[in-house]
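A.B. asks: There's a structure below that I have some questions on.
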Amino acid sequence: MSLGLALVAGAIEAGVGYPDALYRAIGHPVTWIGRLIAWADNRWNSDEETGPQQRLRGIMLVATLVVLSLLGGLLVARLFFLLLPPLLALIPIALLASSLLAQRSLHDHVEAVADALVKSVEQGRETVAMIVGRDTKELDEAGVCRAAIESLAESFCDGIAAPIFWIAVAGLPGGIAYKAINTADSMIGHKTSRYIDFGWAAARTDDVATWPAARLAALWLALGAFFVPGASPRRALAIAWRDAAKHDSPNAGWPEAAMAGALGLRLMGPRRYEGELADHDWMGDGRFALKAADIRTALQLYRAACSVQLGVLAILFAFTFL
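Numbering (this note's numbering), first residue to last: 237 to 558.
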């Protein structure tokens with residue numbers, strides 16, 4: 237049933253995104269999670285406590301998030317199965333599960349960068365600044381494209397491949413638990429003085445939870461390259477294997493390197509955060525000079541990879557009936 241749930245949720249989100257009517261009625265589950273994390277951050281993360289004490293409180297927060305997510309998901313799923321026949325119950329559960337995905341919204345945000353960049357580099361900078369954390373004021377056209385494509389690749393893992401993986405493995409509870417962990421990592425999993433200890437558990441748990449999906453995301457991108465003219469599945473796998481470890485994250489490097497290899501681009505490289513230069517190595521052996529058309533090709537590969545992922549789920553789901 238979990239495979240079918242992941243398949244239906246992915247298809248719903250790809251087709252319609254998160255329905256406005258549902259958002260008006262109940263808000264967004266990620267917003268609820270974020271409010272809980274912010275509440276705990278304000279009350280549990282005190283500068284007066286030692287590093288070990290802050291780390292312990294961070295562990296308590298992550299454990300609380302996981303337990304509440306699993307229990308909440310189980311209760312909601314159980315309620316629908318009590319009220320509706322199994323096949324009908326799958327529809328509202330899949331609708332809720334689809335809110336944990338970001339296929340459509342990610343596509344729209346990255347496409348907006350390409351549209352803005354066609355008008356001017358300045359508009360491209362302003363638009364890409366909405367989806368990346370690096371400094372964008374001095375980016376040239378290639379830098380804007382690189383930032384957008386890297387964000388697309390990394391978010392394909394965190395926002396689509398990983399939640400779908402956990403929905404397929406553990407149903408709605410698994411998807412909610414992963415999203416809670418990932419949201420905690422994005423909010424408090426930073427190496428700043430405030431979060432280096434309190435956010436330690438969130439960052440490490442997210443690394444572990446995302447580990448399998450990151451490798452699968454690279455595989456989906458490589459398989460998707462079969463459907464994109466000029467893209468190379470073989471090169472996607474080769475560059476992912478060679479260059480993934482160049483990234484600071486144990487996971488983000490896999491989809492980013494696969495994207496670079498598939499499209500014959502150079503990604504990552506030096507960039508600035510809050511005025512400080514981060515001198516990262518380059519990923520891939522391809523072109524340095526990127527244009528708006530490269531963002532659109534990356535989006536084409538992204539759509540193909542999303543379709544491949546759903547296709548694999550459909551095949552696995554069909555096998556459960558044999």
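C-beta atoms are modelled at their ideal positions from N, C-alpha and C, and glycine is treated no differently. Quick caveat: nothing in here was measured; it's all calculated off a predicted structure.
Which one of ARG260, GLY547, PHE555 and LEU292 has the shortest CA to CA distance from ILE400?
C.D. replies: Position 164 of the sequence shown, counted from the start, is the residue given in the question as residue 400. Out of ARG260, GLY547, PHE555 and LEU292, GLY547 has the C-alpha closest to the C-alpha of ILE400.
A.B. asks: Rounded to the nearest angstrom, what separates ARG291 and PRO486 at their Cα positions?
C.D. replies: Within the sequence shown, the letter at position 55 stands for residue 291. Within the sequence shown, the letter at position 250 stands for residue 486. Rounded to whole angstroms, ARG291 to PRO486 spans 21 Å at the Cα level.
A.B. asks: Buried or exposed: which applies to ALA481, given that a residue is buried once 16 or more other Cβ atoms fall within 10 Å of its Cβ?
C.D. replies: Here residue 481 refers to the residue found at position 245 of the sequence shown. Classification for ALA481: exposed.
A.B. asks: State buried or exposed for ASN418, treating a residue as buried only when at least 16 other CB atoms are found within 10 Å of its CB.
C.D. replies: The sequence position of residue 418 within the sequence shown is 182, counting from 1. Per the 10 Å Cβ criterion, buried.
A.B. asks: I'd like to know if the stretch 381-388 and the stretch 402-419 are in contact, where contact means that at least 3 CB-CB pairs between them fall below 8 Å.
C.D. replies: Verdict: no, contact absent.
A.B. asks: At which residue ranges does the stretch 483-540 contain complete alpha helix (DSSP H) runs of 4 or more residues, listed in the order of the chain?
C.D. replies: Complete alpha helix (DSSP H) runs here, min 4: 489-499.
A.B. asks: Does the beta-carbon of SER429 have 16 or more other beta-carbons within 10 angstroms, so that it is buried, or is it exposed?
C.D. replies: The residue given as residue 429 occupies position 193 in the sequence shown. Looking at its Cβ environment, which holds fewer than 16 other Cβ atoms inside 10 Å, SER429 is exposed.
A.B. asks: In its own chain, which residues sit with a C-beta less than 6 Å from the C-beta of GLY240, not counting the 5 before and 5 after it?
C.D. replies: As a position in the sequence shown, residue 240 is number 4, starting the count at 1. PHE553.
A.B. asks: For LEU353 and PHE555, what's the separation of their Cα atoms in angstroms?
C.D. replies: Here residue 353 refers to the residue found at position 117 when the sequence shown is read from its first residue. Here residue 555 refers to the residue found at position 319 when the sequence shown is read from its first residue. Straight-line Cα distance between these residues: approximately 45 Å.
A.B. asks: Scan the stretch 342-429 and note each continuous alpha helix (DSSP H) run of 4 residues or more that stays entirely inside, going in chain order.
C.D. replies: Qualifying alpha helix (DSSP H) stretches, in chain order: 357-364, 377-392 and 398-424.
A.B. asks: If ALA211 and ILE262 are in contact, beta carbons under 8 Å, what's the gap, nearest whole angstrom?
C.D. replies: Not covered by the structure: residue 211. The range shown for the chain is 237 to 558.
A.B. asks: Could you give the first and the last residue of the continuous alpha helix (DSSP H) run that contains GLY287?
C.D. replies: Counting from 1 along the sequence shown, the entry for residue 287 is found at position 51. 287-319 is the span of the alpha helix (DSSP H), which, as asked, contains GLY287.
A.B. asks: Once DSSP output is grouped into helix, strand and coil, what is the label at PRO255?
C.D. replies: Start at 1 with the first residue of the sequence shown, and residue 255 comes out as number 19. PRO255 falls in the coil class under three-state DSSP.
A.B. asks: Taking Cβ positions only, does TRP402 come closer than 8 Å to chain E?
C.D. replies: Of the protein chains in this structure there is only one, and it is not chain E.
A.B. asks: Out of ASP515, ASP521, LEU301 and GLY505, which has the shortest C-alpha to C-alpha gap to ILE475?
C.D. replies: Stepping through the sequence shown from its first residue, residue 475 is reached at position 239. Checked all of ASP515, ASP521, LEU301 and GLY505; the closest Cα to ILE475 is ASP521.
A.B. asks: Could you check what DSSP says for PHE434 in three-state terms: helix, strand or coil?
C.D. replies: Looking up residue 434 in the sequence shown gives position 198. The answer is coil: DSSP assigns PHE434 none of H, G, I, E or B.
A.B. asks: Is ARG471 near ALA498, with beta carbons less than 8 Å apart?
C.D. replies: Working through the sequence shown from its first residue, we reach residue 471 at position 235. Working through the sequence shown from its first residue, we reach residue 498 at position 262. Yes, the pair counts as a contact, with Cβ atoms nearer than the cut-off.
A.B. asks: Measuring CB to CB, does ALA449 end up less than 8 Å from CYS393?
C.D. replies: By one-based count along the sequence shown, residue 449 stands at place 213. By one-based count along the sequence shown, residue 393 stands at place 157. Their beta carbons are under 8 Å apart, which means ALA449 touches CYS393 by this criterion.
A.B. asks: When you compare only the Cα positions, how much space is there between THR372 and LEU457?
C.D. replies: One-based indexing of the sequence shown puts residue 372 at position 136. One-based indexing of the sequence shown puts residue 457 at position 221. Rounded to the nearest angstrom, the two C-alpha atoms are 27 Å apart.
A.B. asks: Within 10 angstroms of its Cβ, does ALA242 collect 16 or more other Cβ (buried), or is it exposed?
C.D. replies: By 1-based counting over the sequence shown, the position of residue 242 is 6. Flag for ALA242 reads buried.
A.B. asks: If contact is defined by three or more beta carbon pairs under 8 Å, each pair taking one atom from either stretch, is the stretch 500-516 in contact with the stretch 420-434?
C.D. replies: With the cut-off at 8 Å, the stretch 420-434 and the stretch 500-516 do not touch.
A.B. asks: Just reading off the alpha helix (DSSP H) that SER335 is part of, what are its end residues?
C.D. replies: Numbered from 1 along the sequence shown, position 99 holds the residue referred to as residue 335. Element bounds for SER335: n/a, residue is neither H nor E.
A.B. asks: Cα separation between GLU390 and ILE531?
C.D. replies: Taking the first residue of the sequence shown as 1, we reach residue 390 at position 154. Taking the first residue of the sequence shown as 1, we reach residue 531 at position 295. Spanning the two alpha carbons is a distance of roughly 14 Å.
A.B. asks: If you draw a straight line from the alpha carbon of ALA453 to that of TRP490, how long is it in whole angstroms?
C.D. replies: Within the sequence shown, the letter at position 217 stands for residue 453. Within the sequence shown, the letter at position 254 stands for residue 490. If I take the Cα positions, the gap works out to 7 Å.
A.B. asks: Taking the alpha-carbon positions, what's the ALA445 to ALA525 distance?
C.D. replies: One-based indexing of the sequence shown puts residue 445 at position 209. One-based indexing of the sequence shown puts residue 525 at position 289. Taking the straight line joining both Cα atoms gives about 35 Å.
A.B. asks: DSSP on THR556, reduced to helix/strand/coil?
C.D. replies: For this step, residue 556 is matched to residue 320 along the sequence shown. Coil at THR556, not helix or strand.
A.B. asks: Looking at the secondary structure, which residues open and close the alpha helix (DSSP H) in which ASP479 lies?
C.D. replies: Indexing the sequence shown from 1 puts residue 479 at position 243. 469-479 is the span of the alpha helix (DSSP H), which, as asked, contains ASP479.
A.B. asks: Given THR363, which residues of its chain have a CB within under 7 Å of its CB, disregarding the five upstream and five downstream residues?
C.D. replies: Residue 363 sits at position 127 when you count from the first residue of the sequence shown. ALA348, VAL349 and ALA352, listed in sequence order.
A.B. asks: Of the residues ASP433, VAL244, VAL464 and ILE412, which one's Cα is nearest the Cα of LEU324?
C.D. replies: Within the sequence shown, residue 324 is the residue found at index 88, counting from 1. That would be VAL244, whose Cα lies nearest to the Cα of LEU324.
A.B. asks: With a Cβ-Cβ cutoff of 8 Å, do ALA529 and MET495 count as a contact?
C.D. replies: Against the sequence shown, residue 529 aligns to sequence position 293. Against the sequence shown, residue 495 aligns to sequence position 259. No, these two residues do not count as a Cβ contact at 8 Å.
A.B. asks: Using beta-carbon positions only, say whether MET519 and LEU537 come within less than 8 Å of one another.
C.D. replies: Taking the first residue of the sequence shown as position 1, residue 519 is located at position 283. Taking the first residue of the sequence shown as position 1, residue 537 is located at position 301. Cβ atoms of MET519 and LEU537: not closer than 8 Å.
A.B. asks: Looking at C-alpha atoms only, which residue of PRO255, LYS355 and GLU377 is the closest neighbour of LEU337?
C.D. replies: Reading the sequence shown from its first residue, position 101 is the one you call residue 337. It is PRO255.
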